[in-house]
Amino acid sequence: MNVRSCKMRGCCFPVKLERSFRTPSSKNLANDNTNTNTASKGSSKDLIPSMNRPGSEKNSPIVCFGEMLIDFVPNASGVSLADAPGFKKAPGGAPANVAVGIARLGGHAAFIGKVGEDEFGCMLADILKQNNVDNSGMRFDSHARTALAFVTLRADGEREFMFYRNPSADMLLQETELDQDLIKKASVFHYGSISLIHEPCKSAHLAAMEIAKKAGCILSYDPNLRLPLWPSAEAAREGIMSVWKQADIIKVSEEEIEFLTEGSNPFDDKLVLEKLFHPNLKLLLVTEGSEGCRYYTQAFNGKVAGVKVDAVDTTGAGDAFVGGILSKLASDMNLYKDEKKLSEALLFANACGAITVTERGAIPALPTKEAVLEFLHKRTA
0 MNVRSCKMRG
10 CCFPVKLERS
20 FRTPSSKNLA
30 NDNTNTNTAS
40 KGSSKDLIPS
50 MNRPGSEKNS
60 PIVCFGEMLI
70 DFVPNASGVS
80 LADAPGFKKA
90 PGGAPANVAV
100 GIARLGGHAA
110 FIGKVGEDEF
120 GCMLADILKQ
130 NNVDNSGMRF
140 DSHARTALAF
150 VTLRADGERE
160 FMFYRNPSAD
170 MLLQETELDQ
180 DLIKKASVFH
190 YGSISLIHEP
200 CKSAHLAAME
210 IAKKAGCILS
220 YDPNLRLPLW
230 PSAEAAREGI
240 MSVWKQADII
250 KVSEEEIEFL
260 TEGSNPFDDK
270 LVLEKLFHPN
280 LKLLLVTEGS
290 EGCRYYTQAF
300 NGKVAGVKVD
310 AVDTTGAGDA
320 FVGGILSKLA
330 SDMNLYKDEK
340 KLSEALLFAN
350 ACGAITVTER
360 GAIPALPTKE
370 AVLEFLHKRT
380 A
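Okay, here's the thing in structure tokens:
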């Protein structure tokens, strides 16, 4: 498939949505590419036990792999899609959200994935650039559109999704399109499970994991269950668990635990350890929404309380949490070994998630490091 750089007239323009996507301290991208027309040619080890690998210094990027799309979020809660009076257009996709979340917090992030060679795809590439995310690993497909998702907001801010991807460009990323050099430079390689659903993206995903593993990257996994995208519940369960034992760090929600264990109590620590903690795992995180999170390592486990806010839209809360903890891990790769430091980092990550739910959309609501520190200071003052 002949995929070219995004050269549509009017693409890569300054995006004007309901909120600016620039950070207060926005700088030019640190990579060699100064615009989104730099896609490369073409269309678009056993786990290292030690976290102290060469190249894991602070300037090594956290590479996020997977989907990026447009979320259409209703401007009213508690109504069906058909009854929504209007929608806010917002960039989304869990791996992309995490990348922007890390960059907003001052970290070095990169994104690898595929979008359509259309105005939405160009807009998404530009938004990554505006937020100081290295977008050199993005590819553009001239035959498939950028994915869309319409989000239904319940009165409590929780969501349901309706996806438009038949197929969408993110499903069509090929192994030959991977930026291997970018993956090898990463300190952390982060991914979800949506990119495991369809070929050829599934093969590209598995190949990227293998490249990262051989390079000694830390593998970070957030399954991000979206059941309607899978052929069946059983296919989802098998697909998600197929890469489980390769991860160093896993973040999972209580609802996902219940699904993956086929109805087991997600609050039973013994059960969680027996069914989900594998010998190579360094850190298992279980998010509980406003109640905070639980953590499990090979040496200890515990809980960090949540930060209560009035939720408007929970889209991207888990991604903000992941961005928060990965940004802390990037500056201390042994964080998981010190329970006090880990607890402090998880409180920071909880605050990232809490701030995000106070606005509509995922990427528009992701906080800066300064905003998180101010938020926590007000809560503890």
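So that you can map any letter, position 112 of the sequence shown is 111 in numbering that gives the first Met the number 0, and since no number is skipped, the others follow by simple counting.
Quick reminder that beta carbons are idealized off the backbone N, C-alpha and C, glycines included.
Using DSSP with H/G/I as helix, E/B as strand and the rest coil, what is Ile69?
Your numbering for residue 69 matches position 70 in the sequence shown. Residue state, collapsed to three classes: strand.
Buried or exposed for Asn58, going by 16 or more other Cβ atoms inside 10 Å?
Taking the first residue of the sequence shown as 1, we reach residue 58 at position 59. Looking at its Cβ environment, which holds fewer than 16 other Cβ atoms inside 10 Å, Asn58 is exposed.
Would you identify the three-state DSSP class for Asn349, choosing helix, strand or coil?
Here residue 349 is taken as the residue at index 350 of the sequence shown, counted from 1. Residue state, collapsed to three classes: helix.
Quick one: give me the first and last residue of the alpha helix (DSSP H) that Phe276 is part of.
Working through the sequence shown from its first residue, we reach residue 276 at position 277. Looking at the DSSP string, Phe276 is not in any alpha helix (DSSP H), and its letter there is neither H nor E.
Run through the segment 289-370 for me and flag every whole beta strand (DSSP E) of 3 or more residues, listed as ranges in chain order.
Entirely contained in the segment 289-370, the beta strand (DSSP E) runs reaching 3 residues are, in chain order, 291-295 and 300-304.
Since Ile239 and Ile217 should fall inside the 8 angstroms C-beta cutoff, what is the C-beta to C-beta distance between them, to a whole number of angstroms?
Residue mapping note: residue 239 aligns to position 240 of the sequence shown, counting from 1. Residue mapping note: residue 217 aligns to position 218 of the sequence shown, counting from 1. Contact doesn't hold; Cβ gap of about 19 angstroms is too wide.
Express the C-alpha separation of Asp169 and Leu270 in angstroms, rounding to a whole number.
Here residue 270 refers to the residue found at position 271 when the sequence shown is read from its first residue. Here residue 169 refers to the residue found at position 170 when the sequence shown is read from its first residue. Taking the straight line from one Cα to the other gives about 35 angstroms.
Assuming Ile193 and Leu228 form a contact by the criterion Cβ under 8 angstroms, report the distance between their Cβ atoms to the nearest whole angstrom.
The sequence position of residue 193 within the sequence shown is 194, counting from 1. The sequence position of residue 228 within the sequence shown is 229, counting from 1. 6 angstroms between Cβ atoms; contact.
With DSSP as the reference, label Pro230 as helix, strand or coil.
Position 231 of the sequence shown, counted from the start, is the residue given in the question as residue 230. The answer is coil: DSSP assigns Pro230 none of H, G, I, E or B.
Closer than 6 angstroms by C-beta to Cys200: which residues in its own chain qualify, once you throw out the five before and the five after it? Chain order, please.
For the purposes of this step, residue 200 is taken as the residue at position 201 of the sequence shown. Answer for Cys200: Met170, Leu172 and Ser194, listed in chain order.
Can you tell me the Cβ-Cβ gap for Asp458 and Thr314, rounded? I've got them flagged as a contact below 8 angstroms.
Because the chain here runs from 0 to 380, residue 458 falls outside it and cannot be looked at.
Can you name the start and end residues of the alpha helix (DSSP H) that Phe258 belongs to?
Here the question's residue 258 lines up with position 259 in the sequence shown. Looking at the DSSP string, the run of the alpha helix (DSSP H) that includes Phe258 is Glu253 to Leu259.
Can you confirm whether the segment 299-319 touches the segment 338-354 when touching is taken to mean that 3 or more C-beta pairs between the two stretches lie within less than 8 angstroms?
Verdict: yes, contact present.
Relative to the ligand MG, is the shortest distance from any of its heavy atoms to the C-beta of Ser252 smaller than 7 angstroms?
Ligands displayed in this structure: none; no statement on the ligand MG is therefore possible.
Which same chain residues end up closer than 6 angstroms to Met161 when comparing Cβ atoms and leaving out the 5 residues on each side of it in sequence?
In the sequence shown, the residue the question calls residue 161 occupies position 162. Closer than 6 angstroms at Cβ, skipping near neighbours: Phe149.
Does DSSP put Cys216 in a helix, in a strand, or in coil?
Residue numbering aside, residue 216 sits at position 217 when the sequence shown is read from its first letter. In this structure, Cys216 counts as coil in the three-state DSSP scheme.
Tell me the residue span of the beta strand (DSSP E) that contains Val285.
The residue given as residue 285 occupies position 286 in the sequence shown. Leu282 to Thr286 is the extent of the beta strand (DSSP E) around Val285.
Shortest alpha-carbon distance to Ala319 belongs to which of Glu273, Arg293, Gly288 and Asp267?
The sequence position of residue 319 within the sequence shown is 320, counting from 1. Per the Cα distances, Gly288.
Do the segment 324-333 and the segment 109-122 touch if we need at least three Cβ pairs shorter than 8 angstroms?
No, the segment 324-333 is not in contact with the segment 109-122.
When DSSP labels each residue in this structure, what does Asn32 get in the three-state scheme?
For this step, residue 32 is matched to residue 33 along the sequence shown. Below a pLDDT of 50, predicted positions are generally treated as unreliable, and Asn32, at 39, falls in that range; no measurement from the model is reported.
Comparing C-alpha positions only, which one of Leu147, Gly106 and Leu104 sits nearest to Leu123?
As a position in the sequence shown, residue 123 is number 124, starting the count at 1. It is Leu147.
Exposed or buried, Pro94, counting other C-beta atoms within 10 Å across all chains shown (16 or more means buried)?
Along the sequence shown, read from residue 1 onward, the residue named residue 94 stands at position 95. Burial call: buried.
Using alpha carbons as the reference points, say which of Cys63, Asn279, Cys292 and Ala246 lies closest to Asp268.
Within the sequence shown, numbered from 1, the residue matching residue 268 stands at position 269. Answer by Cα proximity: Cys292.
Once DSSP output is grouped into helix, strand and coil, what is the label at Gly9?
Position 10 of the sequence shown holds residue 9. For Gly9, the predicted model reports a pLDDT of 39, less than 50, meaning its position is unreliable; a value from the coordinates is still stated below. Three-state result, Gly9: coil.
By DSSP's criteria, Arg138 is part of a beta bridge. Which residues make up the other side?
Counted from its first residue, the sequence shown places residue 138 at position 139. Partner(s): Lys113.
Quick one: residues in its chain with C-beta nearer than 8 angstroms to the C-beta of Gly317, no 5 flanking neighbours on either side, listed in chain order?
Counting from 1 along the sequence shown, the entry for residue 317 is found at position 318. Counting only Cβ-Cβ distances below 8 angstroms, and skipping sequence neighbours, we find Ala93, Asp221, Asn223, Lys250, Ser252, Thr286 and Gly352.
Go ahead and pull the three-state DSSP assignment for Ser43.
Looking up residue 43 in the sequence shown gives position 44. Because Ser43 carries a pLDDT of 36, less than 50, the predicted location of this residue cannot be relied on, and no value is offered for it.
Could you spell out the range, first to last residue, of the beta strand (DSSP E) harbouring Lys88?
Looking up residue 88 in the sequence shown gives position 89. Residues Phe86 to Gly91.
Between Ala235, Leu345 and Met67, which lies nearest to Phe258 when the distance is taken from Cα to Cα?
For this step, residue 258 is matched to residue 259 along the sequence shown. Nearest option by C-alpha distance: Ala235.
Nearest-angstrom Cα distance between Gln297 and Asn333?
Counting from 1 along the sequence shown, the entry for residue 297 is found at position 298. Counting from 1 along the sequence shown, the entry for residue 333 is found at position 334. So the two alpha carbons sit approximately 13 angstroms from each other.
Any idea if Leu272 is buried or exposed, counting beta-carbon neighbours within 10 angstroms, 16 or more meaning buried?
Walking along the sequence shown from the start, residue 272 turns up at place 273. So Leu272 counts as exposed.
By how many angstroms is the C-alpha of Glu198 removed from the C-alpha of Phe374?
In the sequence shown, counting from the first residue as 1, residue 374 sits at position 375. In the sequence shown, counting from the first residue as 1, residue 198 sits at position 199. Cα to Cα, the separation comes out at about 43 angstroms.
Could you pull the DSSP bridge partners for Lys250 from this structure?
In the sequence shown, the residue the question calls residue 250 occupies position 251. Paired residue(s): Leu284.
Please classify Asp180: does DSSP put it in a helix, a strand, or coil?
Taking the sequence shown and counting its residues from 1, one reaches residue 180 at position 181. It is helical.
Quick one: give me the first and last residue of the beta strand (DSSP E) that Ile61 is part of.
Here residue 61 refers to the residue found at position 62 when the sequence shown is read from its first residue. Where Ile61 is concerned, the enclosing beta strand (DSSP E) stretches over Ile61 to Phe64.
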